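Data block below; observations after.
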Amino acid sequence: EGYFQMAKVWVETLRRQGLVFPAGAWAEAGRPADAELMARSTVSDFDRTTARIRVDLLIHRWPFDDAAGPGSFHPANELEALAYRYIQGRIPWSEARYALAGQYAEKGDFAAARNECLAVAKVLPFSYQPLLRVADYYRSEGDNAGAKAAYRRCLEVEDNPFARMKLAIMFLEERNPAEAAQEIERGLDLGSRGHDAMTPSAIATARYMLGVAYAQLGKFGDARTSLERALAIDANLHEARDLLRRLPRTGTPGD
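The following block contains the structure:
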């Protein structure tokens, strides 16, 4: 809150002097309410709890308390336990935020879960991973429109096969096989190389999904090829085998 007040003084001075942007641009942009700006900051109870524990540890050792010796802390709840593990260096900062997000999601507080992931995204602005989690929490909440927009934002930051596959699932659910096939094809290409390589199991599932999309498009030859490739990777993928059995025997690849 102190840093917020200092930043506000800086911005108001810049605004009055017409610095960074012309005075007209400042006026046109308006001034969001403090509550909205604080929400955008993604500061959460994790930050406040971490700060409180650090201060508590500090004042219970020399020179504040000669008799106490090295400070110790006994967490009273899950949040304090997680914050204390981070302070002790037993868990990275981002992993602590992700773990807290998971706890919020289990309790149905998806807005708080997304906020923890957005905090990581502000520190890692070129990584898709925190934004992928944001999109997943929209999906878990049942907000498909929010999820789809978040997956798109995730892809804009850093293209990756995982957001594309999850978008494809949504398109299949919406009976939009053309969009689904496009996402899967791009995802398979991305997932075949680099640090985002997909596991064989994930590739087999993607090939099955592509077979479903092709079948819905009436491209039975392509569907058969994709399903056979899925089964070549995972012979126990029963959904692919069942769909392959039900495909019409007529048609050539691309039909």
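With the numbering used here applied, the sequence shown has no gaps in its numbers, which climb one by one up to 312 at the end.
Every residue gets a Cβ at the ideal spot worked out from N, C-alpha and C, and that includes glycine.
Note that the coordinates shown come from a computational prediction; the quantities given were computed from them, not determined experimentally.
Distance from the CA of Cys-174 to the CA of Ala-259, rounded to the nearest whole angstrom, comes to 24 Å. Look at Lys-276 here: in three-state DSSP terms it is coil, with no helix or strand label. Glu-215 sits in coil when the DSSP states are folded into three classes, being neither helix nor strand. Taken through DSSP and simplified to helix, strand or coil, Trp-119 comes out as coil.
The DSSP-derived three-state label of Pro-182 is coil. Taking C-alpha positions only, Arg-154 is separated from His-117 by approximately 27 Å. Only residues of its own chain outside the window of five on either side were considered, and among them Trp-83 have a CB closer than 8 Å to the CB of Gly-75, listed in chain order. Closest in alpha carbon position to Phe-167, among Tyr-195, Phe-121, Ala-64 and Val-112, is Tyr-195. About 4 Å separates the beta carbon of Ala-162 from that of Ala-170, a gap short enough to meet the 8 Å contact definition.
Here the stretch 211-218 lies against the stretch 180-195, with 3 or more beta-carbon pairs under 8 Å apart. Looking only at Gln-62, Arg-221 and Tyr-265, the smallest Cα-Cα distance to Asp-246 is reached by Arg-221.
DSSP, read as helix, strand or coil, puts Gly-81 in helix.
For Met-63, the uninterrupted alpha helix (DSSP H) run begins and ends at 59-74, by DSSP. Closest in alpha carbon position to Gly-244, among Arg-281, Thr-262, Asp-113 and Phe-130, is Thr-262. With contacts defined as CB atoms closer than 8 Å, Tyr-265 and Ala-292 fail to qualify as a contacting pair. One alpha carbon belongs to His-131, the other to Lys-164, and they sit about 24 Å apart. Taking one beta carbon from each stretch, the stretch 272-287 and the stretch 296-303 have 3 or more pairs nearer than 8 Å; the two touch.
Contact check for Ala-297 against Gly-251 fails: the beta carbons are separated by 8 Å or more. Annotation: the continuous alpha helix (DSSP H) that includes Met-95 extends over 91-98. Residue ranges of uninterrupted alpha helix (DSSP H) with 4 or more members, entirely inside the stretch 228-305 and ordered along the chain, are 234-247, 257-274, 277-290 and 295-303.
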